[in-house]
Amino acid sequence: MLIPNKLSSLAKALLGISALLSLSVQAANEAETAFSNELIECAAYYQISSEAIAAMNAPQMQAVGERLKASAADAVALASQYRPAAVVTQAVADAKAKQIQTLAGSSSLASLMGQYKDRCKTVLGNPEKRLDYWSMATM
Numbered sequence: 013m014l015i016p017n018k019l020s021s022l023a024k025a026l027l028g029i030s031a032l033l034s035l036s037v038q039a040a041n042e043a044e045t046a047f048s049n050e051l052i053e054c055a056a057y058y059q060i061s062s063e064a065i066a067a068m069n070a071p072q073m074q075a076v077g078e079r080l081k082a083s084a085a086d087a088v089a090l091a092s093q094y095r096p097a098a099v100v101t102q103a104v105a106d107a108k109a110k111q112i113q114t115l116a117g118s119s120s121l122a123s124l125m126g127q128y129k130d131r132c133k134t135v136l137g138n139p140e141k142r143l144d145y146w147s148m149a150t151m
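Numbering (the working numbering), first residue to last: 13 to 151.
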C-alpha cells in the first residue's frame, strides 16, 4: 500500500515526465513545420525556374528545366510527409505567388536564385541533416 506522500511523489514524477514528452513532441512538430515550410519555398522556386526555362524555348536548356521540375516534385513529395498533400499544394501555390511578386515584373530570376538556389540544393541534397538542423534550432 502506498502512503499519500509516496503517491504524491509518484504523481509529480509522472507529471514531469509527461510535460517533458509534451515539450519534445512540440519541438518535433515545430522542426517539421519549419522544415516543410522550407521545402514549400523550394518547390515554388523550382516551379518558377522550370517554367521560366520552358518559356525560353531553348532546346539546350530542356534538361535543366526537367531537373528543376523534378526537384519541385521532390520537394512537394517530401513536404507531404509532414503535412497533408492538399495543404502542401496550396502552400506551394501561395509561396509561388509571393515569389513572383518579388520579381516585380522582371523576367530575371537572379533575385530568386540568390535567395534559394544554394539553400534549396542543400535542403534536397540532404533532407535528414536539414531536419536535424531545424530540430536543434527549434529547441
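No residue lacks a Cβ here, since even glycine has one placed at the ideal position from N, Cα and C. Remember, predicted model here, so these are calculated numbers, not experimental data.
- Whose CA, out of ALA64, ALA109, MET73, lies closest to the CA of GLU53? To locate residue 53, count along the sequence shown from 1; it is residue 41. Nearest option by C-alpha distance: ALA109.
- Item | ALA107 burial status per 10 Å Cβ neighbour count (16 or more: buried) | Sequence index remark: in the sequence shown, residue 107 carries index 95 (1-based). So ALA107 ends up on the buried side.
- Alpha carbon to alpha carbon, what distance is there between LEU90 and GLY137? Walking along the sequence shown from the start, residue 137 turns up at place 125. Walking along the sequence shown from the start, residue 90 turns up at place 78. Rounded to the nearest angstrom, the gap between the Cα atoms of GLY137 and LEU90 is 12 Å.
- Tell me whether LEU51 sits in a helix, a strand or coil according to DSSP, three-state version. The sequence position of residue 51 within the sequence shown is 39, counting from 1. DSSP places LEU51 in the helix class (H, G or I) of the three-state scheme.
- CB of VAL100 within 9 Å of CB of VAL88, strictly: The residue you call residue 100 lines up with position 88 of the sequence shown. The residue you call residue 88 lines up with position 76 of the sequence shown. Contact flag set, yes.
- Query: Rounded to a whole number of angstroms, what is the C-alpha to C-alpha distance between GLU42 and LEU80?
  - Reply: Here residue 42 corresponds to residue number 30 of the sequence shown, with the count starting at 1. Here residue 80 corresponds to residue number 68 of the sequence shown, with the count starting at 1. Taking the straight line joining both Cα atoms gives about 28 Å.
- Item | Identity of the residue in SER83, LEU143, ALA122 nearest SER62 by Cα | The residue labelled residue 62 in the question sits at position 50 within the sequence shown. For the options SER83, LEU143, ALA122, the alpha carbon positioned closest to that of SER62 is the one of SER83.
- Rounded C-alpha distance that separates ALA64 from SER147: To locate residue 64, count along the sequence shown from 1; it is residue 52. To locate residue 147, count along the sequence shown from 1; it is residue 135. Cα to Cα, ALA64 sits roughly 34 Å from SER147.
- Query: Beta carbon of GLU140, beta carbon of TYR94: below 9 Å?
  - Reply: In the sequence shown, the residue the question calls residue 140 occupies position 128. In the sequence shown, the residue the question calls residue 94 occupies position 82. No. Outside cutoff.
- Message: For GLN102 and LYS129, I'd like the C-alpha separation in whole angstroms.
- Response: Numbered from its first residue, the sequence shown carries residue 102 at position 90. Numbered from its first residue, the sequence shown carries residue 129 at position 117. So the alpha carbons of these two residues sit roughly 22 Å apart.
- When you compare each of SER48, LEU51, MET68, ASP144 to SER120 by their alpha carbons, which one comes out closest? Residue mapping note: residue 120 aligns to position 108 of the sequence shown, counting from 1. Residue MET68 holds the alpha-carbon nearest to the alpha-carbon of SER120 among SER48, LEU51, MET68, ASP144.
- Item | Under 9 Å between C-beta atoms of THR150 and ARG142 | Your numbering for residue 150 matches position 138 in the sequence shown. Your numbering for residue 142 matches position 130 in the sequence shown. In this structure, ARG142 does not lie closer than 9 Å to THR150 by Cβ.
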